[in-house]
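Going by UniProt numbering, 196 is the number at position 196 of the sequence shown; the sequence numbering is gapless. Ideal Cβ placement from N, Cα and C applies to all residues, glycine included. The model shown is predicted, which means the values in this text are computed figures rather than measured ones.
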Amino acid sequence: MKEDVLAILKESQSHVSGEKMSEQLACSRTAIWKAISQLKKEGYPIEAQRNLGYKLTDFDLLNERELALIAPEYKIHYIEQTGSTQQVAMQLLADGADTNTVVVAGTQTSGRGRLGRVWQSEKYTTVSMSMIIKPTITLQHAPKLTLVAAVAVARALSKYADVSIKWPNDILINGKKVCGILTELQADPDRIKAVIIGIGINVNNAVFDESLEDRATSLAQEAKQSIPRVNVIERVLTEWTQMYALFESDGFTVLKPLWEAYATSIGATIRVRSEQETLVCTLLGITDDGYLRVQREGGEETLIISGDIDL
Ligand code: BTN
């Protein structure tokens, strides 16, 4: 009953009367009232107005219960506020967490980015999540997981706007970054123990700091509507489940063309900053191992294992 009442409230943009709900659910008004009281006790912000009925006042509900409903095959931990979900995931791993454990934060105060950078997450508007995976692949194949995650997120976000992937795993809309992915490994010399895939998505950010304004965007800015974060997380986990299953059964060769179909600027001149050098070159694609293939100005082909692309 409680779930049915909640579903009606979530679907409605305006107030719904107790009478209407009792008719719809073929139950008494008292049963509706009881369900509403329970939901309020559980923390759902429900406004009651005389003559109008009930309304959920927060369109962007994010809590452990909502998250458990979207992906029962994952063990999702919700934390209202934390420094970094990567850090929390690492602690859970140390405490024995299993594969498919996910950490989601309502807000993240010291997010980590790739290459030791800071990742800014605006309060209560972004998705900050870290997935613990225990894959049965060798260390050499680990970089591919990042690309599999990028394909999954690109597919998930393409519902809201036209997305592209900038190697290795930035998701862009109209050339601006909407999502970053950070993959961290725990491994013995010969074996991966676990991988933590951290995903940060700008969902309902209305404005960005001056320093990011030209380079960052949000789903809401691009789709011109606010989006419940739980829906975005649901899409990401659904796509991840599918893409990872494909990777496990058929390997990266099936995923590679999907990644390349989203890739920005194949055939274009780009600048790549790697640890060794900065080079201007033509982007050719990726290898079966997930490395970047570029052609230098002299014609020589080079593989880039780690670095950044400037478009
Ligand atoms: C990047 O583009 O540099 C990667 C950014 C990754 C950010 C996410 S947000 C969730 C998870 N927790 C972190 O501290 N970082 C990742």
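Pair within 8 Å by beta-carbon distance, residue i and residue j
i: Ile199; j: Ile181; result: yes
i: Val203; j: Val127; result: yes
i: Gly290; j: Pro143; result: yes
i: Ala223; j: Ala161; result: yes
i: Leu67; j: Ile233; result: yes
i: Leu255; j: Leu139; result: no
i: Thr217; j: Asn174; result: yes
i: Arg296; j: Leu279; result: yes
i: Ile305; j: Val272; result: no
i: Ala154; j: Ile137; result: no
Reference residue i; option with closest CA among the options
i: Lys55; options: Thr253, Gly18, Ile192; result: Gly18
i: Gly285; options: Trp240, Ala261, Tyr160; result: Ala261
i: Gln276; options: Leu185, Gln140, Gly251, Thr302; result: Thr302
i: Ala89; options: Asp310, Gln49, Ile133, Ile8; result: Ile133
i: Gly111; options: Asp98, Ser130, Glu213, Ala94; result: Ser130
i: Leu237; options: Ala150, Gln86, Pro189; result: Ala150
i: Glu80; options: Pro72, Glu64, Leu69; result: Glu64
i: Arg235; options: Ser274, Ile171, Ser158, Gln120; result: Ser158
i: Asn51; options: Leu25, Ser14, Lys41; result: Ser14
i: Leu145; options: Val5, Glu23, Ala245, Thr30; result: Ala245
i: Leu92; options: Ala105, His77, Gly83; result: His77
Residue interval of the beta strand (DSSP E) (run including residue i)
i: Ala48; result: 46–49
i: Val203; result: Counting along the chain, Val203 falls outside any beta strand (DSSP E), and DSSP gives it neither H nor E.
i: Ala187; result: 176–188
i: Thr302; result: 301–304
DSSP bridge partner residues for residue i (one or two, in chain order)
i: His77; result: Val103
i: Val272; result: Leu279, Ile309
i: Ser130; result: Val103, Gly198
i: Gly111; result: Trp119
Span of the alpha helix (DSSP H) around residue i
i: Ile8; result: 2–11
i: Gly18; result: 18–24
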